[in-house]
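Scroll down for the structure; my scribbles are underneath it.
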């Protein structure tokens, strides 16, 4: 029977409303939901084309176990029993820390997978938990904890009332941005301009967003922190700060004022490529706008100074009176206070222990993925010998892909939960088929604290699971049981959890969180609002008045460990120009990181390196020539595109390509290309000491033309900011 069912997309934080046309249990197509309370009929091409990925012939329908060197189909009973017994043996012989868990980006977009991944990690009793956050956003967590009191507290743009928008390292026309739950981002930026405001896009490339709306301010890759500090210098030097706001709500104002004094627009001009008068203009306009925000995203996070950049962004908003202000940067509480919940669950804290390799402190309970290969390959007590991967692809996403490949080959056990046999799973011992977001119920729990307009939406599964696929929560629960472990590391909590699961699945664990808002039957109440239910309006001023969770009760503007790298940044101002190019990465408009490349509906597109006309002339490069890009870590060769939108001295390469031919991704592997992460270094010395972040942006690469060729400029899909999965 033909019918339409409401749901929402779980590819990115926007969570746009979707309508699913189905015939019985078969999906016919996806389209935007015009009645959705926030997205209002918008959904990008990634979401509306997801049906092709859902129905891909490469989808896993049965568990696979490695037998005689090949992955062969088997039953769930055999797969779980074999993986569980081997997991128990390794843990018994080598201790709990010999087992690691990696959780990728897609798992973080549902309510159940993160909860049960944490329960499984605690069941193992291991410290070795890794996530994709250390590849694209840990800087925000460590800075927010120090400045605002919680890693879960982040200012988000008040798009609908703003008069000035400053965008750094984000391209929402392609990727909808991140760390903000705000569909129709570009449409709402356009409305700022229509209201007489300004939108300034700071990026090494003239992005799609800059072409559609606003002003483009070109910048040298990985110099955004210096630019943002210079904005603060102008604000303080010209007396543009909101002294009343700083006096009431800030700690460390004078230390910050002294620190930024050395980053004048004139001093940072040679480093950033931004003329001093442009920097002063932005600072003055931001301070005078009467409602301004700065949105910093992954194109900045993944550089050398992501911590400093995010700290400067928060400081700029507070110093100009735009933090927690209508039209500025709101600090949402969401449908319920997720920061308070994280504190109660013990997630939002820094434990005393550190990693075996490099001595890193965990961020939100997770260690840096940039040391995962070393933790596997370095002999000694607590060496990782078994890895469980939950909807992730670290072979593609982690730095130094060749070393990660070596590490995966050294494991005794590698269990992958995924939709496909991806690059990582191709090296696994067990591959267990998961449901996708159309095959499970959901609520956008991970992003409630990022909503400028708080709302809730509950969706049932649109279609039942195909084949013999199972949701991650069930697989992890069953795997723990097969290994003789108790979820949460507690017999009592295990019994309670399994009892609730037997009564209706993980939704029974979710419902108590919603009781204060919606009463004793919250999901039934939400079912009456299939397009979403607004639950409250954010009150500007509420955060500064009563929700700052720092020890001082104020925004702490100058956390010393964050600003300890100011001297290093200042030293970069004196570096002489080099003949190398600075690398930055790009988003695929119709894909998302590596996992969406398995969509058979994606058009073919050449994976290319984009260089400016000036650099092409200097290198003697013509359109379509093969260009070798090299660092001390590795080298890749790609056809070149001469791109006038790319700034001189830079090279842009889309990420997430170069898939392993041994994988089961027919559509992904035929797209070819190389993995740009082969150029990025891993290991303790390559990571930020506070956030554990890898550096993917701003790498100095040597460029050399190695062969002439001919490539079409059919690369319209290769655009945007970078992120990890």
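Numbering (the working numbering), first residue to last: 758 to 1482. Ideal Cβ placement from N, Cα and C applies to all residues, glycine included.
Whole-Å CB distance - residue i paired with residue j, under 8 Å assumed
i            : j            : result
residue 1062 : residue 776  : That belief does not hold up - the Cβ atoms of residue 1062 and residue 776 are roughly 43 Å apart, past 8 Å.
residue 822  : residue 835  : 7 Å
residue 1170 : residue 1133 : No, residue 1170 and residue 1133 are not in contact; Cβ-Cβ is about 12 Å, not under 8 Å.
residue 1060 : residue 979  : 4 Å
residue 903  : residue 1316 : 4 Å
residue 868  : residue 1102 : Residue 868 to residue 1102, Cβ: 14 Å. No contact.
residue 1407 : residue 1338 : 6 Å
DSSP state of residue i mapped onto helix, strand, coil
i            : result
residue 1402 : coil
residue 1062 : coil
residue 1311 : coil
residue 1255 : helix
residue 1240 : coil
residue 910  : coil
residue 1218 : coil
residue 887  : strand
residue 977  : coil
residue 1146 : strand
residue 868  : coil
residue 1184 : helix
residue 1459 : strand
residue 1020 : coil
residue 874  : helix
residue 972  : strand
residue 937  : coil
residue 1324 : helix
residue 1342 : strand
residue 1408 : strand
residue 1292 : coil
residue 1175 : strand
residue 1224 : coil
residue 856  : strand
residue 788  : strand
residue 1265 : helix
residue 1445 : coil
residue 1131 : helix
Residue from the options with nearest C-alpha to residue i
i            : options                : result
residue 1447 : 1429, 1372, 1318, 1422 : 1318
residue 969  : 1169, 1111, 1031, 946  : 946
residue 1043 : 1030, 1382, 901, 1080  : 1080
residue 1202 : 864, 820, 854          : 864
residue 784  : 1196, 1374, 1409       : 1196
residue 1028 : 1441, 1442, 1466, 1335 : 1335
residue 1393 : 1143, 1411, 1151       : 1411
residue 961  : 839, 1400, 1416, 1464  : 1400
residue 1460 : 954, 1001, 1415, 1397  : 1397
residue 1093 : 860, 857, 1270, 1466   : 1270
residue 1144 : 1172, 1345, 1274, 1230 : 1172
residue 1395 : 1364, 1408, 801        : 1364
residue 1293 : 1307, 1189, 1273, 1311 : 1273
residue 981  : 1067, 1377, 1257, 1267 : 1067
residue 848  : 1311, 1441, 1140       : 1140
residue 1160 : 1174, 1115, 1387, 1439 : 1439
residue 1263 : 1231, 811, 1223        : 1231
residue 1187 : 1321, 839, 809, 1453   : 839
residue 1240 : 846, 819, 790, 810     : 846
According to DSSP, residues forming a beta bridge with residue i
i            : result
residue 922  : 956, 1050
residue 1393 : 1386
residue 760  : 779
residue 1451 : Paired residues: none, contrary to the question.
residue 1038 : DSSP output for residue 1038 lists no bridge partner at all.
residue 1004 : Note: residue 1004 sits in no beta bridge, so no partner.
residue 822  : 829, 1187
residue 1366 : 1397
residue 774  : 765
residue 1067 : BP columns for residue 1067 are empty, so no partner.
For this session: Determine contact between the stretch 983-997 and the stretch 1014-1029, defined as no fewer than three beta-carbon pairs at a distance below 8 Å.
Result: yes
For this session: Tell me, please, whether the stretch 1281-1289 touches the stretch 1236-1256 by the rule of three or more beta-carbon pairs shorter than 8 Å.
Result: no
Problem set entry | the stretch 1447-1457 touching the stretch 1178-1187, judged by at least three CB pairs closer than 8 Å | no
For this session: Mind the definition here: the stretch 1209-1220 touches the stretch 872-887 only if three or more C-beta pairs lie below 8 Å; say whether that holds.
Result: no
Exercise. Given 8 Å as the limit, is there contact between the stretch 908-922 and the stretch 1083-1098, that is, 3 or more CB pairs closer than that?
Worked result: yes
Exercise. So, do the stretch 880-887 and the stretch 852-859 have three or more beta carbon pairs nearer to each other than 8 Å?
Worked result: yes
Exercise. Is the stretch 796-816 close to the stretch 934-944, with three or more CB pairs under 8 Å?
Worked result: yes
Exercise. Are at least three pairs of beta-carbons, each pair with one atom in the stretch 922-929 and one in the stretch 1046-1057, less than 8 Å apart?
Worked result: Touching, yes, given that three or more Cβ pairs across the two stretches are closer than 8 Å.
Exercise. Are the stretch 800-807 and the stretch 762-772 touching by the rule of at least three beta carbon pairs closer than 8 Å?
Worked result: yes
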